[in-house]
Amino acid sequence: AQFDNPPDVIAIALEECQRDEALFGALADHWHAPGNSAFADALETYMLDALRLFLSRFYDVYEPMDAPTVSFMLTNGAVMAISRFFAVRPRGVTKEKLLDELTELYAGYFENKLRRPA
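Residue numbers (my numbering): 12 to 129.
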């Protein structure tokens, strides 16, 4: 899927998790299990490629970033939060509010990385 800014990825991830809530709920419970590493590795690779593509399109907008570290942090943070949401359905947390707050969190991260006028 193509996206115009990094927070769009969160909405895409949430939609994908909702397609098979049981699978992603189980994934949250067993994220570090040896059999899940291939899935996690593939997801991290995809997200790193997506971040690199995004940053290459907006090279002049953002300060240089350590793409592997940023991608790892953002991917695992969002996927874990979303997976845990479907696994435990925390009281008072809605899908819409989770999406809003994750989007704000990650948008704020990227806003902090904007190039400032010299």
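For glycine and all other residues, C-beta sits at the position ideal for the given N, C-alpha and C.
Leucine 125 has Tyr73 as its beta-bridge partners, per DSSP. Between the alpha carbons of alanine 53 and arginine 102 lies a distance of about 31 Å. A contact between stretches requires three or more CB pairs, one per stretch, nearer than 8 Å, and the region 107-124 meets this requirement with the region 81-99. Within the same chain, Cβ atoms closer than 8 Å to the Cβ of valine 104 are found at Phe96, the five residues on either side in sequence being excluded.
Beta-carbon to beta-carbon, proline 79 and leucine 66 are separated by about 12 Å, too far to satisfy the 8 Å threshold.
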